[in-house]
Ligand SMILES: NC(=O)c1ccc[n+]([C@@H]2O[C@H](COP(=O)([O-])OP(=O)(O)OC[C@H]3O[C@@H](n4cnc5c(N)ncnc54)[C@H](O)[C@@H]3O)[C@@H](O)[C@H]2O)c1
């Protein structure tokens, strides 16, 4: 395929704009040739940044599909509920596809998509599993494959969501309600399951899970708290770590998804949208913590924990092998060998050069690099395995949720 790859953005929110920004950084590789978004401000932001003519700017994704613009690839970077239909439509038009995770909201829909991808197997479908493309997680894979710690026997892995991220995304935001979005374990941890499958190169043969929503509910709402943080009595609001005033206005955190990030814009947002609501008065119903035990072929076990109540993010991993162990804190990897009793520390920031050139530890642009690499390599035989690996992570996540709902019952067992 000739460069630059011509790409249409379906969904110009945070993810769509992030992938589109790759084209600004590397105009010789990717060119954004169209955008669709039902939010005028979002689509205009992309149209302006990429100098698009009015005929290449649409509202609903279906308008872009109907227009059938000349392009090589499209993104599906819309909310979870708007993935399956547009993904099928993009493939039917014969384009390559960058599809955000989760690929669909139900396992049966993932299977339906898989059928289409297998039918169109000369089209690349790359799912937004950005961790695979970070220096840090690639190093873990490299260390495991090198057998520096012998054969992996088990893994302990923590996904610390972070208390502010939990309040922002999983109470007030897009992913708080499983009916509107998806179960949190799929949303947050299909990335982690993708890592386990990739690191181990084995199939998962058993899943069991427990978890619940313990804190972000009406029972924990302080007496006298208002519906909205900006209207809450100061004595209550000042004592609340989840106060929207504290997070968005004072710390100026979590503004990244919004087009208008100004103080005035954020204050209006807090007055008018769910982002200003008391965390104990939202319609959230997803869990705030969940543990998943996984068994892989060969008896390898993984103990995975997703936890909202952490001070900050950064996955922590401990990998136990027959000849040593790897301890990862999201930035450094400590490798301890039993044979010569050595300890070495590898630092991803020193390795990658600081600062990394995109969010998710460089994974967002890493994924775009991979898309360009695959499409210019001209070997469609490599496309399907990339999708199938993502499918496996979703299979595990849906099984974990089914197990949690069935009080920890064993799932996926052969
Ligand atoms: N890979 C990752 O690490 C990662 C991280 C965050 C989010 N995500 C996933 O990416 C997807 C998008 O998330 P986001 O954070 O960008 O959300 P967002 O709300 O910022 O953006 C979604 C955009 O889609 C637009 N949209 C909604 N319905 C549409 C329609 N019918 N036609 C056209 N546009 C429409 C919205 O107006 C919005 O601008 C979600 O599925 C999310 O789960 C992935």
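Residue numbers (our numbering): 1 to 414.
We treat Cβ as the ideally placed atom computed from N, Cα and C, and that holds for glycine.
In terms of DSSP beta bridges, what is residue i paired with?
i, result
"residue 304", "157, 292"
"residue 204", "296"
"residue 59", "None; residue 59 has no bridge partner."
"residue 10", "36, 76"
"residue 328", "317, 333"
"residue 30", "5"
"residue 210", "291"
"residue 152", "321"
"residue 228", "277"
Does the beta-carbon of residue i have 16 or more other beta-carbons within 10 angstroms, so that it is buried, or is it exposed?
i, result
"residue 100", "buried"
"residue 237", "buried"
"residue 354", "For residue 354, the pLDDT reaches just 49, beneath the cut-off of 50, and the residue's location in the model is therefore unreliable, leaving the point undetermined."
"residue 13", "buried"
"residue 417", "This structure gives no information on residue 417, because the portion of the chain shown stretches from 1 to 414."
"residue 188", "buried"
"residue 401", "buried"
"residue 342", "exposed"
"residue 235", "exposed"
"residue 219", "exposed"
"residue 108", "exposed"
"residue 478", "Outside the shown range of the chain (1 to 414) lies residue 478, about which nothing can therefore be said."
"residue 350", "exposed"
"residue 182", "buried"
"residue 114", "buried"
"residue 344", "exposed"
Let me know the secondary structure DSSP gives residue i once reduced to three states.
i, result
"residue 167", "helix"
"residue 139", "helix"
"residue 347", "strand"
"residue 96", "strand"
"residue 179", "coil"
"residue 354", "Residue placement at residue 354 is poorly supported in this model, since its pLDDT is 49, which falls under 50; the coordinates are not used for a value here."
"residue 412", "coil"
"residue 144", "helix"
"residue 403", "helix"
"residue 237", "helix"
"residue 277", "strand"
"residue 126", "strand"
"residue 172", "helix"
"residue 251", "coil"
"residue 190", "helix"
"residue 106", "coil"
"residue 64", "helix"
"residue 338", "coil"
"residue 264", "helix"
"residue 383", "helix"
"residue 245", "helix"
"residue 498", "One cannot answer for residue 498 here, as it falls past the ends of the chain, which runs 1 to 414."
"residue 388", "helix"
"residue 21", "helix"
"residue 220", "helix"
"residue 258", "coil"
"residue 311", "coil"
Taking a contact to mean a Cβ-Cβ separation below 7 angstroms, would you say residue i touches residue j in this structure?
i, j, result
"residue 57", "residue 90", "no"
"residue 40", "residue 61", "no"
"residue 321", "residue 149", "yes"
"residue 319", "residue 126", "no"
"residue 207", "residue 392", "no"
"residue 300", "residue 152", "yes"
"residue 211", "residue 96", "no"
"residue 162", "residue 313", "yes"
"residue 174", "residue 283", "no"
"residue 171", "residue 394", "no"
"residue 20", "residue 5", "no"
Since residue i and residue j are thought to touch, with beta carbons under 8 angstroms apart, how far apart are those beta carbons, to the nearest angstrom?
i, j, result
"residue 23", "residue 7", "7 angstroms"
"residue 370", "residue 158", "That belief does not hold up - the Cβ atoms of residue 370 and residue 158 are roughly 26 angstroms apart, past 8 angstroms."
"residue 270", "residue 195", "Residue 270 to residue 195, Cβ: 35 angstroms. No contact."
"residue 366", "residue 75", "The Cβ separation is near 16 angstroms, so there is no contact."
"residue 255", "residue 266", "6 angstroms"
"residue 383", "residue 202", "Rounded, the Cβ-Cβ distance is 22 angstroms, inconsistent with contact."
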